[in-house]
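In the numbering used here, the protein residues as written are 113 to 840.
C-beta atoms are modelled at their ideal positions from N, C-alpha and C, and glycine is treated no differently.
Owing to the predicted nature of the structure, the values given are computational and were not obtained by experimental measurement.
Only one structure is covered here, and it is reproduced in the block below.
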């Protein structure tokens with residue numbers, strides 16, 4: 113016996129041991145079929161080593177032929193296991209190429225038994241011997257079997273398949289290292305087998321297969337893979353134990369946190385019919401203890417168990433669920449319970465495992481009910497609008513003023529609640545508001561109208577406020593119906609107009625003496641001219657030139673009387689007026705002409721200081737004349753009775769924002785405490801005054817978009833001014 117008799121059995125034993133280890137791994141992990149392929153490959157390598165040792169010691173040609181004949185069975189098994197293991201582990205090689213390699217090896221195995229004494233030789237004529245490293249080994253000698261080419265084709269296909277797999281595995285990936293070891297080792301062994309066959313074909317002295325580095329490398333690679341797998345399994349086991357310890361720690365922490373937050377945790381394994389819960393969940397549901405419980409424990413104390421379970425079954429059809437239902441615990445306490453969690457479904461879509469959290473939402477539901485009651489009873493209409501423009505919530509007042517049932521108003525586009533002609537404008541304003549959301553009134557520069565369900569438009573006031581719900585910006589709109597307010601304002605305006613008309617009538621009644629004097633003058637002139645014309649015609653009917661002059665005077669005088677009557681009728685008329693462009697200086701002059709005789713009767717002089725070239729203002733001349741008459745009469749009343757300088761000055765000038773008109777007297781002035789109060793209704797400084805004159809003046813000036821104020825002047829007297837905006 114020499115060293116070969118010791119080395120080859122040891123190599124075979126190592127291969128069989130590796131195969132056994134991989135077989136044990138496969139038994140524990142049957143889904144990883146690569147372990148089974150490695151076990152068969154290692155056993156095949158061990159069988160090949162034993163067949164080779166038997167060929168080294170064959171003494172007769174027949175024995176040598178039999179060894180080689182069955183040797184091909186182990187080689188075929190090795191090739192098939194290599195191909196299968198490579199396909200299972202990596203799966204990137206061409207399936208057709210792999211099947212071609214396996215098919216040609218099967219054909220070679222059939223030819224091994226059907227031609228010659230074996231696939232390599234048609235006959236073994238003798239057994240040769242060669243000295244190899246001090247050992248005497250035998251080798252066959254005889255004519256070669258031409259069908260041996262089929263086995264070489266299979267070997268070449270195996271080499272191509274392994275090389276293709278190694279090329280297609282991505283560099284740097286977790287599979288690259290193992291692919292380099294496995295495919296590289298098999299390639300080295302197959303190439304060595306091809307080289308050994310080539311020595312036989314060329315008639316060179318044949319070296320034993322086991323003497324090549326490939327066999328030793330292959331055994332080493334299998335050992336390395338096994339050791340790496342064992343180390344990985346040990347590391348995974350260590351990591352698993354550490355993970356379990358951390359998981360237990362986290363579970364205890366979560367349990368403590370859940371207990372502190374009064375969160376019930378539970379899991380329902382529907383496939384096995386088991387239900388597990390923590391202590392908090394048992395307390396919330398009114399169960400006796402934590403741990404295992406019957407699956408129906410969730411609904412055991414529900415006020416309507418069938419309805420609660422039906423809702424739960426419908427909800428867990430989705431991956432995530434949330435339901436609320438009411439329970440009555442054994443101690444008689446009623447509570448609202450919320451179940452929330454996730455669901456694992458099987459391949460058929462049926463719930464397999466349901467995990468959930470139980471929350472007591474009684475206080476939240478009660479607060480929500482109180483809040484909903486407050487919102488529903490709010491005097492203003494409230495709308496919650498989504499960013500997309502749909503109404504998410506509307507209270508009863510909103511449904512009432514817009515004429516929709518509450519269920520129809522929710523989900524309606526908010527643009528459906530505004531008139532058609534401003535919907536595009538409303539859409540643009542809504543998008544701009546989302547870019548800069550802040551509490552403010554909607555469209556503060558124009559009148560806003562809403563649209564009822566029946567198509568009626570009505571005035572509204574809308575206040576906007578941004579709120580954030582569920583992490584998304586929404587808009588709360590508070591809408592007030594201004595229909596009643598507008599009607600009241602209209603009625604009040606009509607009453608103010610009536611008061612102003614009454615003031616004008618009263619004023620004209622007081623001015624009736626002056627108006628009579630204004631009419632007596634033109635009437636007397638008309639009478640005198642008419643009598644003169646009669647005398648001329650009576651004396652000399654042919655003197656028509658003087659008659660024409662007299663008639664012209666009569667016409668002019670009559671026109672002046674008509675103007676006086678027209679001014680009187682204008683002051684007495686009570687009708688809606690339109691603002692037109694007017695010259696403030698002309699208004700002042702017309703007013704003074706109307707009051708000229710009254711001023712003479714009062715022994716009051718007047719001074720006009722009118723700035724020329726003033727811009728036009730929009731207004732009602734009659735109403736502005738009423739204001740001036742009131743101010744001039746008040747100025748006259750403020751003058752002292754003793755003889756002296758009784759002068760009223762009227763000025764007009766251009767101000768920063770419009771045209772200003774001033775009425776200045778030389779009286780005793782106004783008390784400082786009365787400077788603002790004199791414009792309040794029923795506030796007066798006169799013993800017999802009603803206190804409505806200046807109040808009417810302020811109403812008229814405000815209606816014209818202006819302002820009126822009073823102030824004292826030095827050394828004595830008061831000045832009442834009003835300012836009107838210029839046209840445009």
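According to the DSSP secondary-structure assignment, residue 258 is paired through a beta bridge with no residue. The continuous alpha helix (DSSP H) containing residue 215 extends over residues 207 to 226. Using a Cβ distance threshold of 8 Å, residue 696 and residue 744 do not count as a contacting pair. Secondary structure at residue 264: helix, using DSSP grouped into helix, strand and coil.
Contact check for residue 177 and residue 236: beta-carbon distance about 4 Å, within the 8 Å limit, so the pair qualifies.
Here DSSP, grouped into helix, strand and coil, assigns residue 559 to coil. The beta carbon of residue 353 sits closer than 7 Å to none of the beta carbons in its chain outside the five residues before and after it. Between the alpha carbons of residue 551 and residue 540 lies a distance of about 18 Å. Setting aside the 5 residues that flank it on each side, residue 747 is surrounded in the same chain by 760, 775 and 777, each with a C-beta closer than 7 Å to its C-beta; the list follows chain order.
Contact check for residue 217 against residue 191 passes: the beta carbons are separated by less than 8 Å. Inter-residue distance for residue 454 and residue 534 is about 47 Å (C-alpha atoms, whole angstroms).
With contacts defined by Cβ atoms closer than 8 Å, residue 186 and residue 163 form a contacting pair. Residue 131: not part of any beta strand (DSSP E); member of the alpha helix (DSSP H) spanning 116 to 140, first to last residue. In the DSSP annotation of this structure, residue 180 is not part of any beta strand (DSSP E); the continuous alpha helix (DSSP H) holding it starts and ends at 173 to 201. If the five residues before and after residue 450 are omitted, its C-beta is found closer than 6 Å to the C-beta atoms of 436, 471 and 473, all from its own chain and listed in chain order.
In this model, residue 647 and residue 664 are separated by some 17 Å (Cα to Cα).
Closest in C-alpha terms to residue 766, from the list 726, 143, 518 and 419, comes 726. Unbroken alpha helix (DSSP H) stretches of 4 residues or longer found wholly inside the region 743 to 815: 805 to 815, given in chain order. Setting aside the 5 residues that flank it on each side, residue 592 is surrounded in the same chain by 492 and 573, each with a C-beta closer than 6 Å to its C-beta; the list follows chain order.
Between residue 730 and residue 758 the beta-carbon gap is near 35 Å, outside 8 Å, which marks them as no contact. Going by DSSP, residue 588 is part of the beta strand (DSSP E) stretching over 584 to 593.
DSSP places residue 666 in the helix class (H, G or I) of the three-state scheme. Straight-line spacing of the CA atoms in residue 393 and residue 291 works out to 52 Å.
The alpha carbon of residue 521 has as its nearest neighbour, out of 123, 384 and 508, the alpha carbon of 508. Contact between residue 154 and residue 131 holds, with the beta-carbon distance rounding to 3 Å and staying under 8 Å. Assignment of residue 233 by DSSP, reduced to helix, strand and coil, places it in the strand class.
Rounded to the nearest angstrom, the gap between the Cα atoms of residue 494 and residue 389 is 43 Å. Scanning its chain for C-beta atoms nearer than 6 Å, with the 5 sequence neighbours on each side dropped, one finds around residue 832 the residues 743, 775 and 822, in chain order. Relative to residue 734, the option among 227, 202, 690 and 722 whose CA is nearest is 690.
Cβ contact annotation for residue 594 (same chain, cutoff 8 Å, sequence separation greater than five): 570, 571, 572 and 573, in chain order.
Classified as exposed, residue 343 has fewer than 16 neighbouring CB atoms from the shown chains inside 10 Å of its CB.
Rounded to whole angstroms, the gap between the alpha carbons of residue 740 and residue 693 is 18 Å. Residues 114, 115 and 116 of the same chain have their beta carbon placed closer than 7 Å to that of residue 247, with the five preceding and five following residues left out of the count. Going by DSSP, residue 536 is part of no beta strand (DSSP E) but of the alpha helix (DSSP H) stretching over 535 to 547. Judged by their CB atoms, residue 561 and residue 525 are not nearer to each other than the 8 Å cut-off. By DSSP's assignment, residue 471 forms a beta bridge with 375 and 450.
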